[in-house]
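Peer 1:
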Amino acid sequence: MISVQTQDFSLAEEYQALTQGNQTDGAVVTFVGLVRDFNQGNQVLGLSLEHYPGMTEKALAKIVQQARAKWDLGRVRLIHRVGDLHLSEQIVFVGVSSKHRKDAFDAAEFIMDYLKNDAPFWKKELTDKGPVWVAFNDKDKAAKAQWTVTS
Amino acid sequence: MIRVLFFAQLKEQLGCEQLDFPSAGIGNLADLKAALTAQGEQWQPLTQTNLMMAINQEMADLEDSVADRDEVAFFPPVTGG
Numbered sequence: 001m002i003s004v005q006t007q008d009f010s011l012a013e014e015y016q017a018l019t020q021g022n023q024t025d026g027a028v029v030t031f032v033g034l035v036r037d038f039n040q041g042n043q044v045l046g047l048s049l050e051h052y053p054g055m056t057e058k059a060l061a062k063i064v065q066q067a068r069a070k071w072d073l074g075r076v077r078l079i080h081r082v083g084d085l086h087l088s089e090q091i092v093f094v095g096v097s098s099k100h101r102k103d104a105f106d107a108a109e110f111i112m113d114y115l116k117n118d119a120p121f122w123k124k125e126l127t128d129k130g131p132v133w134v135a136f137n138d139k140d141k142a143a144k145a146q147w148t149v150t151s
Numbered sequence: 152m153i154r155v156l157f158f159a160q161l162k163e164q165l166g167c168e169q170l171d172f173p174s175a176g177i178g179n180l181a182d183l184k185a186a187l188t189a190q191g192e193q194w195q196p197l198t199q200t201n202l203m204m205a206i207n208q209e210m211a212d213l214e215d216s217v218a219d220r221d222e223v224a225f226f227p228p229v230t231g232g
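These protein sequence lines map, in sequence, to chains H and Y.
Each residue of the first sequence is one higher than the one before, counting from 1 in our numbering.
Each residue of the second sequence is one higher than the one before, counting from 152 in our numbering.
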């Protein structure tokens, strides 16, 4: 399940969707990304998320497909919100079920690392100094690159 | 015509969200970028080095071919997650 949406999501409901009637998987890993209060030297009051409708969904589907090709995964759920978000609001959800924990941990991290590099989302932060487009972080590039080195 | 889209700060810098550009003489993304940039001062933000590009909603490089009716997008490095 992949969703790009303005509305919030429920971790409890997502967990249930990963586990309900799923007797083959012994591991579930979930990740939630939140709006935090300080970034790149600015006090953040909230943010606005822009995306490329159409391409975003395709890019996310490709990332999940890449993860499935690499690990033995059961269910994968990926949600990314767009639009205006306040401090501490949920931005992104990744949930992965698998027979074994290592596959689930690795796949969840891989999906986030690839999303940070390949999915067409852009964050504009509303800060105490005015609106600021978030700059790409080279650490995210390195995080993605490590998956091709170790495989 | 080639449908051209711009996103995020690039869209703001150019003051343009989308346009249709004649495909005559355009072979690849580099040609399209050069033709857009040649339109004048307003288009200089397209020369920034780290821009990403997509053709028909797939990530693409400057040497990738562009054809009539393709949808092309230029945008800054992505910052989701």
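Beta carbons are placed, not taken as given, at the ideal position from N, Cα and C, and that holds for glycine.
Given the structure is predicted, the values throughout are model-derived calculations rather than measurements.
At the level of alpha carbons, what is the spacing between S151/H and E214/Y?
Peer 2: At S151/H, the pLDDT of 48 sits below 50, so the modelled position is not reliable and the matter cannot be decided from this model.
Peer 1: Per DSSP, M204/Y forms a beta bridge with which residues?
Peer 2: The partner list for M204/Y (beta bridge, DSSP) reads A211/Y and F225/Y.
Peer 1: At 3 residues or longer, and completely inside the region 55-129 of chain H: list those beta strand (DSSP E) runs for me, N to C.
Peer 2: Correct list: 73-81, 83-86, 90-98 and 121-127.
Peer 1: Taking Cβ-Cβ distances shorter than 8 Å, what residues in chain H pair up with F226/Y?
Peer 2: Going along chain H in sequence order, the residues near F226/Y (Cβ under 8 Å) are Y52, P120 and W122.
Peer 1: For A159/Y, which residues in chain H fall below 7 Å Cβ to Cβ?
Peer 2: Correct list: E50, W122 and W133.
Peer 1: Going by C-alpha distance, which of K123/H, Q20/H, L73/H and N22/H is nearest P228/Y?
Peer 2: Checked all of K123/H, Q20/H, L73/H and N22/H; the closest Cα to P228/Y is K123/H.
Peer 1: Roughly how many angstroms separate the alpha carbons of D221/Y and L165/Y, rounded to a whole number?
Peer 2: One C-alpha to the other measures close to 21 Å.
Peer 1: Is DSSP giving D140/H helix, strand or coil here?
Peer 2: In the structure shown, D140/H sits in a helix (DSSP, three-state: H, G or I).
Peer 1: For the beta strand (DSSP E) containing A135/H, list its first residue and its last residue.
Peer 2: Unbroken run through A135/H: none, as it is neither H nor E.
Peer 1: Do you know offhand how far E168/Y's Cα is from G83/H's?
Peer 2: Taking the straight line joining both Cα atoms gives about 17 Å.
Peer 1: Exposed or buried, what is G191/Y when buried is set at 16 or more other beta-carbons lying within 10 Å of its beta-carbon?
Peer 2: Per the 10 Å Cβ criterion, exposed.
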